[in-house]
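Peer 1: Before I ask anything, here is the structure I am working with.
There are 2 protein chains.
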Amino acid sequence: MQCIAIDWGSTSFRAYLLNNGRLLETCNTDEGALRLSREEFEATVQKNCGHWFDGTSKLLICGMAGSRNGWHEAPYVSCPATLNDLAEQLVSPEHSLPFSCEIVPGVKTITTSGVPDVMRGEELQIFGAASLGGIAEGVFCLPGTHSKWAQLRQHQIIQFSTYMTGELYTLMRKHSSLANLCNDEDPDPDLFELGLEHARANPALLNQLFTSRAMAVTGYLETRQVSSYLSATIIASEILSASAALPCGALINLVGDPALCQRYQTALAYFDYPSQLYSASEAVLAGMDPLFSETIRV
Amino acid sequence: MQCIAIDWGSTSFRAYLLNNGRLLETCNTDEGALRLSREEFEATVQKNCGHWFDGTSKLLICGMAGSRNGWHEAPYVSCPATLNDLAEQLVSPEHSLPFSCEIVPGVKTITTSGVPDVMRGEELQIFGAASLGGIAEGVFCLPGTHSKWAQLRQHQIIQFSTYMTGELYTLMRKHSSLANLCNDEDPDPDLFELGLEHARANPALLNQLFTSRAMAVTGYLETRQVSSYLSATIIASEILSASAALPCGALINLVGDPALCQRYQTALAYFDYPSQLYSASEAVLAGMDPLFSETIRV
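Protein sequences appear in the order of chains A and B.
Start counting the first sequence at 1; every next residue gets the next number (the numbering used here).
Start counting the second sequence at 1001; every next residue gets the next number (the numbering used here).
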């Protein structure tokens, strides 16, 4: 059967044409859900994927297209959440496409102190990576603009936390008083490790952000080196917070962009956490795969 | 004797005309040191203070005018630093003003792990507040774009740390994915306290930044309330980090903008630290006062 999977993020549109689970074609654009009005979603699908449609096509969408300001709201499923729970709560936007079109809900959790957290899209990456790795229980880290750390137990996402890591790094590089000190393009492994070392000695992030600047101003770092140092201190802050409740040496399942995951793998190894890498695009397809089949539906 | 004191920050110019220590006039503009080329400093003094000059005027400048990219570099004095150390290392820029004109150096410190930290301008606020309060030993907190926490012992600044608190708050409000959730103008005391409560339960700042968003997205907070909550979580992160090595209940000497200091006073009280407030402008003048007299000079 021919299927189309769309991972519709805030700032990106990623579509995959599949035939019986085999990837035939891919389409990536920057037409993210935050950039579109409600009326533009169907036309964007039509424009990017119209030539893929045939009589048997079926469309599944995950990510921010299901948010309140997206195409059609798909209310969050509460933790603990299984892939079956998501399958039961698919929603269909109004559309005139010549086949079924459904949006996968996100997942929400509430901490013991009553604070909510949410994800949209990452839940399928977690279930997909778990499927690829044959994992029923484990810790998943999904680095990115809003990094997620999730606990899987008996195939359920039982809790998760989000860290504004990638967004803070971008804000620092583009809009902060560090911006003109962050003009290096190539990662510098020695400076990355120095950042990890300083973060271990002093985990106060607000202080680290300033000392990244002070090190350049006083000549301890060359200007071109600040990005790698800064990246390490922010990633280390995420890892030190997120791993606080984990047993020493727990295996971390890393799901995301391969280059970013490698940076995290280096940082995790520095803090004595081994990790296993999964590509985000392979994981999201593995997560969607059972949703295309009727068998999982109730 | 008639004197002019200028506190020349990154984004602000604050000049004070004094006669035998009595404040006669003030001039505040946004002609901060970061906005001026080297050639514009003298003209800015001339334009804003020219009508104050008489035969006996004497000019002292502290703050970013003494940075490498300012008017004339005044190299940092190393901790432990006394007011006398600053007086010994005043520098004179080239100028054609009809009286003496000197720039006060900043102060630098190096932590035990070899990380540098720097201040310019705040050192005079610390010495000045200490003088106003008759304090030889104590902890000083100077809230702001780059908040400083300093230890004074035997009239010396023995160490200090900087937190990028105010800058992060501004970045979040103006440029982040929270920007459109931060349109409340008036501080909300209940939401400020909720932010403090959540920060105490979970001090992971990168997580707090995201949950400020998640609380609005899921309807736990109204949009207009996010600023107060966010402000509390960022300030709490600074206080929890900076106070980690302090004895319980230590008195904090707060020096800065009165409205911002009141917000810090609320947060400090929540974490059981009593505080004493000093206005930044009064403190900087009290800090400069001895530098105008010849008696302190070596």
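The beta carbon of each residue, even a glycine, is placed where N, CA and C say it ideally should be.
Along chain A, in chain order, which residues have C-beta atoms closer than 8 Å to that of Thr1162/B?
Peer 2: Asn207, Phe210, Thr211 and Ala214
Peer 1: Roughly how many whole angstroms lie between the Cα atoms of Val1298/B and Met1288/B?
Peer 2: Low confidence applies to Val1298/B: its pLDDT is 40, below 50, so where it sits in the model is not reliable, and the reading given next is rough at best. Near 16 Å, if we compare the C-alpha coordinates of Met1288/B and Val1298/B.
Peer 1: 8 Å is my cut-off, CB to CB: does Val118/A come that close to chain B?
Peer 2: yes
Peer 1: Show which residues of chain A have a CB atom less than 7 Å away from the CB atom of Ala1201/B.
Peer 2: Contact of Ala1201/B with chain A by beta-carbon distance below 7 Å involves Ser113.
Peer 1: Using a Cβ-Cβ cut-off of less than 7 Å, list which residues of the segment 236–249 of chain A approach chain B; keep chain order.
Peer 2: Ser237, Glu238 and Ser241
Peer 1: The ligand HEM and Gln265/A: does the residue's C-beta get closer than 7 Å to at least one heavy atom of that ligand?
Peer 2: The model on display carries no ligand, and the ligand HEM is accordingly not part of it.
Peer 1: Quick check: Ser140/A and Ile158/A, are their CB atoms within less than 8 Å of each other?
Peer 2: It is Phe, not Ser, that sits at residue 140/A in the sequence shown. Contact flag unset, no.
Peer 1: Between the C-alpha atoms of Leu1246/B and Asn253/A, what's the straight-line distance to the nearest angstrom?
Peer 2: 38 Å
Peer 1: Would the segment 1176–1191 of chain B count as touching the segment 63–81 of chain A if we require 3 or more Cβ pairs under 8 Å?
Peer 2: no
Peer 1: Along chain B, in chain order, which residues have C-beta atoms closer than 9 Å to that of Ser177/A?
Peer 2: Ser1010, Leu1034, Thr1145, His1146, Met1164 and Glu1167
Peer 1: Could you tell me which chain B residues have their CB closer than 7 Å to the CB of Val217/A, listed as they occur along the chain?
Peer 2: Val1118
Peer 1: On a Cα-Cα basis, can you pick out the residue from Thr165/A, Gly66/A and Gly133/A that is closest to Val104/A?
Peer 2: Gly66/A
Peer 1: Using the beta-carbon of each residue, which ones in chain A are nearer than 9 Å to Lys1058/B?
Peer 2: Those do not exist, as Lys1058/B stays about 29 Å from chain A at its closest Cβ, beyond 9 Å.
Peer 1: With Ala1199/B and Ser1237/B assumed to form a contact (beta carbons below 8 Å), what rounded beta-carbon distance in angstroms separates them?
Peer 2: The distance from the Cβ of Ala1199/B to that of Ser1237/B is about 6 Å, consistent with a contact at the 8 Å cut-off.
Peer 1: What runs of the beta strand (DSSP E), each 3 residues or longer, lie entirely inside the segment 214–290 of chain A?
Peer 2: Runs found: 252–256 and 275–279.
Peer 1: Report the option in Asp257/A, Tyr229/A, Ser281/A and Gly249/A whose CA atom is closest to the CA atom of Val1115/B.
Peer 2: Tyr229/A
Peer 1: Kindly list the residues whose CB is nearer than 7 Å to the CB of Asp7/A, restricted to its own chain and excluding five residues on each side of it in sequence; keep chain order.
Peer 2: Arg14, Cys62, Gly63, Gly121 and Val284
Peer 1: Does DSSP put Phe1099/B in a helix, a strand or coil?
Peer 2: coil
Peer 1: When the cut-off is 8 Å and only beta carbons count, does His1051/B lie next to chain A?
Peer 2: no
Peer 1: So does the segment 141–152 of chain A actually touch the segment 259–277 of chain A, counting three or more Cβ pairs closer than 8 Å?
Peer 2: yes
Peer 1: From this set, Leu1240/B, Gly1106/B and Thr1165/B, which residue's C-alpha is nearest His1072/B's C-alpha?
Peer 2: Gly1106/B
Peer 1: For chain B, check one thing: does any of its Cβ atoms lie closer than 8 Å to the Cβ of Arg297/A?
Peer 2: Any reading at Arg297/A must be qualified, since the residue scores a pLDDT of 48, below 50, and its modelled position is unreliable; no value is offered.
Peer 1: Quick one: measure Cβ to Cβ for Cys1003/B and Lys1058/B, integer angstroms, because I've assumed they're closer than 8 Å.
Peer 2: 5 Å
Peer 1: Along chain A, in chain order, which residues have C-beta atoms closer than 7 Å to that of Ala1081/B?
Peer 2: Within chain A, no residue comes near Ala1081/B; the closest Cβ sits about 15 Å away, beyond 7 Å.
Peer 1: For my contact list, Ala1214/B and Val1226/B are in at a C-beta cut-off of 8 Å; report their separation, rounded to the angstrom.
Peer 2: The pair is not a contact, with the Cβ atoms about 11 Å apart (cut-off 8 Å).
Peer 1: Ser161/A and Trp149/A: beta carbons closer than 8 Å?
Peer 2: yes
Peer 1: Could you have a look at Val115/A and say whether DSSP puts it in helix, strand or coil?
Peer 2: Residue state, collapsed to three classes: coil.
Peer 1: Please specify which runs of the beta strand (DSSP E), each continuous and at least 3 residues long, are wholly inside the segment 1103–1162 of chain B, giving them in chain order.
Peer 2: 1107–1110, 1116–1119, 1138–1142 and 1147–1153
Peer 1: Counting only the same chain and skipping the five closest in sequence on each side, list residues whose C-beta sits under 6 Å from that of Leu24/A.
Peer 2: Contacts found: Leu17.
Peer 1: Please classify Arg297/A: does DSSP put it in a helix, a strand, or coil?
Peer 2: Low confidence applies to Arg297/A: its pLDDT is 48, below 50, so where it sits in the model is not reliable enough to give any reading.
Peer 1: Name, please, each residue of chain B whose Cβ falls closer than 7 Å to the Cβ of Tyr220/A.
Peer 2: By Cβ distance, chain B contributes Pro1116.
Peer 1: Kindly indicate the opening and closing residues of the alpha helix (DSSP H) around Gln1046/B.
Peer 2: Glu1040 to Cys1049
Peer 1: In this structure, what does DSSP give as the bridge partners for Ser1078/B?
Peer 2: Lys1108/B
Peer 1: So, for Ala1232/B: in the same chain, excluding its five sequence neighbours on each side, which residues have a beta-carbon less than 6 Å away from its beta-carbon?
Peer 2: Phe1192, Gly1195 and Leu1196
Peer 1: Name the DSSP beta bridge partners of Tyr16/A, please?
Peer 2: In DSSP, Tyr16/A forms a bridge with Ala5/A and Thr26/A.
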